[in-house]
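Report on one structure; see the data block that follows.
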Amino acid sequence: MNFAIVGAGFSGAVIARELAEAGHKVTIFESRNHIAGNCHTERDAESDVMLHVYGPHIFHTDNEEVWKYVNQYSAFMPYVNRVKAVTGNRVFSLPINLLTINQFFNKTLSPNEAKEFIAQKGDSSITNPETFEEQALAFLGEELYEGFFKYYTIKQWGMSPAELPASILKRLPVRFNYDDNYFSHKYQGMPEHGYTVLVKNILDHDNITVHLNTEFNKSQAVEYDHVFYSGTLDGYFNYEFGRLPYRTLDFIKENHEGDYQGCAVMNYCDNSKPFTRITEHKYFSPWENHEKTVIYKEYSRECEPEDIPYYPIRQVKEKELLQKYVERANQEKGITFVGRLGTYRYLDMDVTIAEALKVARQFIQLTNEKKEI
Ligand code: UDP
């Protein structure tokens, strides 16, 4: 059979590979001039540092199958994300751990003492926290909330944490030991030659053709047995019910000699700076040596039509709008919407890959069953 895939990010590439392996022909339409979507990496011309062009991507997962899958297409190098945070003119360790607590409060607490200390700081009158702010105040108390979460979140989301769901904060652990690994997953690493090489290797199959700088036109769908669409869901329907809102990011790139900040990620958690964080990209490839360095100052703002969408907002009214598009999409024949943009969800890379494998395998099984009938 003959399939069209829109978008050459992880969703599109993984589905393409599964279909190609099953003997089908796949044509990929990618509107940008490169593959790998927002995971795209390339070497900086001046410093040779591997740049995470659309912001940092750190591969971390508990999913053994996904870990094995990506390792088939690239060697992974050891990388542990250890984030630092500036607040009140001091530097701390994130996620909040025993070092953060002891330094922030000028204490030498043991794990049990810290648990008790933080429990006392928490607001016990909040019994059922629903918003980000309630969640933070209930479990951490005002000082840590103001120091690390309030202003960062206002910069990141453009709204008060009192308007955001508690689920956003639940992404971050609080640890009562000195573990400063940002992620708690079993596997973590970086593809040795960057994500674009990894995706290129996934796409390297005789049955796959990739067209860069090429928009997919809806009228082309009739030429294919099925379309897998990883572009924006609302965009496919010409925004007929209005736009699904996103946050976008601006990266202000600077080249410097030597080292700039001494770590990969430094969050700016108070409101002394307008950016959310500074990333220093050579630290994403700690096995390489570079004399020069490149940093990105990261700013978050509302996504305008011409911008690249990053974070879906998914508040109550956005979810209602999404529901309309989902119902509209369900009526459409011969197309499956996939990935972060196609399903309007904030997806980590491993989840994106796991879902793409599932979608492709189910589809292949279904077409095989139909053939047998
Ligand atoms: N967050 C914060 N301070 C920080 C880091 C994160 O307030 O120093 C909040 C912020 O609202 C962010 C959320 O926690 O959107 C989740 O953080 P995570 O690091 O998972 O965000 P990502 O960078 O993956 O979007």
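For the sequence shown, position 359 matches number 357 in this note's numbering, and the numbering has no gaps at all. C-beta: ideal position from N, C-alpha, C; glycine also. Note that this is a predicted model, so its numbers are computed, not measured.
Counting every other CB atom within 10 Å of its CB across the protein chains shown gives Gln101 a total below 16, marking it as exposed.
If you check the C-beta of Ala262 against the ligand UDP, you find no heavy atom less than 8 Å away.
Our two residues, Glu111 and Glu132, have alpha carbons roughly 23 Å apart in a direct line. Judged by the Cβ position, Asn179 fails to qualify as a neighbour of the ligand UDP at the 8 Å threshold, every heavy atom of the ligand being at least this far. A straight-line Cα-Cα distance of about 7 Å links Lys113 and Phe174. Counting C-beta pairs closer than 8 Å gives three or more between the stretch 300 to 313 and the stretch 338 to 346, which meets the contact rule. The DSSP-derived three-state label of Met347 is helix. Bridge pairing for Asn0: Lys23 [DSSP].
Only buried fits Glu278, as 16 or more other CB atoms lie within 10 angstroms of its CB.
Per DSSP, the continuous beta strand (DSSP E) segment holding Val292 begins and ends at Lys290 to Glu300.
At least one heavy atom of the ligand UDP falls within 8 Å of the beta-carbon of Lys148. No heavy atom of the ligand UDP is found nearer than 8 Å to the CB of Cys301. Inclusion of Ala352 and Glu16 in the CB contact set at 9 Å is not warranted, their separation being larger than that value.
Excluding sequence positions up to five before and after Leu319, its CB lies within less than 7 Å of the CB of Phe239, Gly240 and Leu242, all in the same chain and listed in chain order.
Looking at the DSSP output, Ser91 shares a beta bridge with Lys82.
Following the DSSP letters along the chain, one finds Thr194 inside the alpha helix (DSSP H) bounded by residues Tyr193 to Leu201. The residues Val4, Gly5, Leu339 and Gly340, in chain order, have a CB closer than 7 Å to that of Gly229 in the same chain once the five nearest residues on each side in sequence are set aside.
Note on geometry: alpha-carbon atoms of Glu44 and Tyr294 lie some 15 Å from one another. Of the candidates Lys119, Val292, Lys82 and Leu247, the residue whose Cα lies closest to the Cα of Val47 is Val292. In this structure, the C-beta of Phe130 approaches the ligand UDP to less than 8 Å from one of its heavy atoms. DSSP places Val263 within a strand segment (E or B) once states are collapsed to three. CA-to-CA, the gap between Ala34 and Glu213 works out to about 16 Å. Per the DSSP secondary-structure output, Pro284 pairs with nothing in a beta bridge.
With a threshold of 8 Å, the Cβ atom of Cys267 counts as near the ligand UDP, since some heavy atom of the ligand is closer than that.
When distances are taken from the beta-carbon of Leu142 to the heavy atoms of the ligand UDP, even the shortest one reaches 8 Å or more. Taking Met157 as reference, the option from Tyr143, Glu300, Ser91 and Ala18 with the minimal CA-CA separation is Glu300. Rounded to the nearest angstrom, the Cβ distance from Asp178 to Met(-1) is 49 Å, too far for a contact under 8 Å. In this structure, the CA atom of Tyr52 is about 45 Å from the CA atom of Glu370.
For Arg241, there is no enclosing beta strand (DSSP E), as DSSP gives it neither H nor E. Judged by pairs of C-beta atoms under 8 Å, the stretch 148 to 166 does not touch the stretch 200 to 208, as fewer than three such pairs exist.
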